[in-house]
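What follows is a set of notes on a single structure, which appears directly below.
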Amino acid sequence: MSVGILGLTESQFVAEAKHLDLTPAAAARGWRQLFREGTLPARFNGKVQIPYMPIVRREPDGATLKFAQQLEGGLETESVILPQRGRTGRIRTSLCVSSQVGCAMGCRFCETSTLGRRKQLTTDEIVGQWFAARHSEQQAITNIVFMGMGEPTDNIEAVLQAIRVLTEHGGPAIAPSRISVSTVGRAQGIERLAEFANEPGFRQLRLAVSLNAPNDEVRQAIMPVNRAEPLADLRAAMDAWPAGDRLPILVEYVLIPGVNNAPGHAGEVADFLGGLSVNLNVIPYNPIRDSPWPAPTESEVIAFCEEARNAGLRTKRRRTMGRDAMAACGQLGNPKLKRKRSHGSH
């Protein structure tokens with residue numbers, strides 16, 4: 187018998203140790219050694235499984251690094267390391283992780299959606315992305331954002347278990363307040379996240395909602411999920427998100443010229459979000475392959491942000507990082523997988 191160690195918290199692995207001829211103390215030491223140093227004691231050989239996820243591509247763009255890891259069946263998962271200097275001058279390094287290979291949501295502005303959903307990543311494959319960033323790329327990761335390939339709430343239990351592992355003090359030790367889970371706005375998924383965020387230790391988990399439109403008409407044209415779950419359903423789910431001392435909901439708005447940046451659109455967004463504790467994050471559209479739209483101009487981004495602020499929204503413009511390496515928001519996905527999918531459909 188062998189156990190997938192990257193997908194287990196320390197206490198869960200210790201509980202499995204009785205089946206592996208390991209004492210609880212030895213199991214705990216080995217678990218911590220793996221996460222902290224990237225190695226295992228020799229006595230663990232044959233008793234634990236670590237997913238085989240070699241890095242097969244590295245694509246740097248300035249300080250940003252996109253890397254791809256090989257999975258079984260010729261699939262790949264992509265992750266992005268994003269170092270940023272904070273207001274105090276300290277470097278904060280975020281890791282953008284994937285929860286799926288491909289995505290079934292079909293958002294028209296997202297490269298990943300062109301692949302369809304190819305695979306649900308297991309917990310150890312999600313944590314394996316952090317493991318590669320920390321121990322192969324030697325990066326001290328401070329923040330985790332579930333904003334890579336896939337819709338996290340479409341693979342929710344694997345994602346939540348990954349968060350349990352990533353926040354372990356003896357392991358990755360990422361604070362829950364430094365973990366953001368982004369969703370297209372599926373009400374049931376937000377409800378499950380809210381339930382998880384009410385568990386002890388996870389109250390500061392950050393919810394991010396990919397809004398991207400001022401009204402149902404625009405949203406339905408670019409986000410098919412809106413047909414089944416219109417904005418009224420999304421608003422109800424956001425209203426149910428635990429408030430109090432929690433961090434504000436991060437509302438993401440991919441700004442697409444000629445689609446969702448008309449005069450008055452920011453005001454409609456403010457009306458929709460009225461009464462909620464939110465921060466609006468305006469993301470200049472990053473053109474995908476064969477994109478029908480260009481990136482917005484600087485003046486278009488500034489105009490929308492000003493209108494949003496004038497409407498009373500706390501608004502921040504997200505800095506574009508990794509666009510040249512197809513590592514920016516909405517650009518992840520190996521085009522070879524798309525070709526394989528299309529060939530297989532004939």
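Residue numbers (the numbering used here): 187 to 532.
Glycine included, each C-beta is placed from N, C-alpha and C at the ideal position.
Our contact map puts residue i next to residue j with C-beta atoms below 8 Å; I'd like the distance itself, whole angstroms only.
i    : j    : result
F295 : I488 : 20 Å between Cβ atoms; not a contact.
V345 : F332 : 6 Å
E223 : I267 : Wrong, their Cβ atoms sit about 20 Å apart, outside the cutoff.
P162 : H451 : Coverage of the chain is limited to positions 187 through 532, which leaves residue 162 absent and any answer about it impossible.
A319 : L281 : 5 Å
C491 : V455 : That pair is no contact at about 11 Å.
M239 : S284 : So it is not a contact: roughly 12 Å between Cβ atoms.
I376 : C293 : Not confirmed; about 17 Å, so no contact.
T274 : E311 : That pair is no contact at about 34 Å.
L459 : L499 : 7 Å
V411 : V445 : 16 Å between Cβ atoms; not a contact.
D340 : A290 : 7 Å
L226 : Q235 : The pair is not a contact, with the Cβ atoms about 11 Å apart (cut-off 8 Å).
Q286 : R303 : 6 Å
Check each candidate in the options and name the one with the smallest Cα separation from residue i.
i    : options                : result
T501 : E438, G224, S485, S477 : E438
R271 : P358, N329, G334       : N329
T353 : F199, L391, L466, V370 : L391
F221 : P473, H321, G275       : H321
R495 : Y471, N465, R504       : N465
R432 : E454, P416, A380, G259 : A380
P480 : I277, V440, V404       : V440
R413 : R372, E377, P434, V445 : R372
L261 : A213, T250, N446, V242 : V242
L245 : L257, G232, S265       : The sequence as given places Glu at residue 245; Leu does not occur at that position. Answer by Cα proximity: S265.
E196 : A213, Q235, I474       : A213
S366 : Q219, R218, G216, P338 : P338
D247 : G259, Q255, P269       : P269
R364 : T279, R215, I236       : T279
G232 : D207, Q219, R215       : D207
R378 : L417, R504, W427       : W427
L192 : E297, E258, I349       : I349
R475 : P362, Q306, T308, L301 : L301
Q306 : I277, R276, E297, L257 : L257
G453 : A497, A418, P434, M424 : A497
F199 : T250, G357, E297       : G357
V404 : N447, E493, G288, Q235 : N447
G461 : N384, D425, P478       : D425
F388 : E415, Q406, I360       : I360
F382 : I342, P416, E415       : I342
F230 : E202, P434, R504       : E202
P309 : L194, V189, R504, P470 : Per the sequence shown, the amino acid found at residue 309 is Thr instead of Pro. Of L194, V189, R504, P470, the residue nearest in Cα terms is L194.
L420 : Q374, S463, T250, A249 : Q374
Where DSSP assigns a beta bridge to residue i, which residues make up the other side?
i    : result
I330 : L281, I365
N467 : E438, K502
T263 : Q255
K305 : V287
L194 : For L194, which the question treats as bridged, DSSP gives no partner whatsoever.
P246 : L251
A189 : It should be noted that the sequence gives Val, not Ala, for residue 189. DSSP output for V189 lists V234 as bridge partner(s).
R271 : I277
I241 : Q255
Quick check on residue i: buried or exposed, where buried means 16 or more other Cβ atoms within 10 Å of its Cβ?
i    : result
G508 : Confidence in G508 is poor, its pLDDT being 46 and thus under 50, which makes the residue's placement too unreliable to answer from.
T483 : exposed
Q347 : buried
P449 : exposed
V395 : buried
V351 : buried
S368 : buried
S485 : exposed
P210 : exposed
K252 : buried
K204 : exposed
A228 : exposed
P386 : exposed
G430 : exposed
N472 : buried
N398 : buried
Q255 : buried
I277 : exposed
G216 : buried
N384 : exposed
P478 : exposed
G259 : exposed
E493 : buried
A297 : According to the sequence shown, residue 297 is Glu rather than Ala. Buried, by the Cβ-count rule.
Under 7 Å: does the beta carbon of residue i sit that close to some heavy atom of the ligand ATP?
i    : result
L257 : Of ligands this structure carries none, so the ligand ATP is not represented either.
Enumerated in chain order, which unbroken segments of the alpha helix (DSSP H) with a length of 4 residues or greater are wholly contained in the segment 334-375?
List check, alpha helix (DSSP H) in window: 342-352.
Jot down the residue ranges of each uninterrupted beta strand (DSSP E) in the segment 385-459, minimum 3 residues, whole runs only, in chain order.
With a minimum length of 3 residues, the continuous beta strand (DSSP E) runs that stay inside the segment 385-459 are 392-396, 435-441.
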